[in-house]
Amino acid sequence: MNYKLLIQYDGTDFHGWQVQENDRTIQGELERVIGMLEDAKVNVIGSGRTDAGVHAEGQVANVMISRGFTPDKLRA
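In terms of the numbering used here, the sequence shown opens at residue 254 and continues consecutively.
Pasting the structure below:
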């Protein structure tokens, strides 16, 4: 199932959106946490990217998940 994510975050402690090998990023954290729920590697695709330390409100992304989670289960 394809899920649309509407994301808001404080990017102060992150090195931007895009996954970076040795840095904490928004995309990396989303993939890590959703991957734990899915019990498999997932790919979160963002509608745009942010730089290190940048905040976002209303950023859109999507992720394919095979398990049938309700929106409330994914909401944080």
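Note that the Cβ used here is the ideal one computed from N, Cα and C, for glycine as well.
Taking a 10 Å sphere around the C-beta of residue 323, we find fewer than 16 other C-beta atoms and assign the residue as exposed. Nearest Cα to residue 293 within the set 279, 299 and 316: 316. Going by DSSP, residue 260 is part of the beta strand (DSSP E) stretching over 255-262.
A buried status is given to residue 303, since no fewer than 16 other beta-carbon atoms sit within 10 Å of its beta-carbon. Around the beta-carbon of residue 298, fewer than 16 other beta-carbon atoms lie within 10 Å, marking it exposed.
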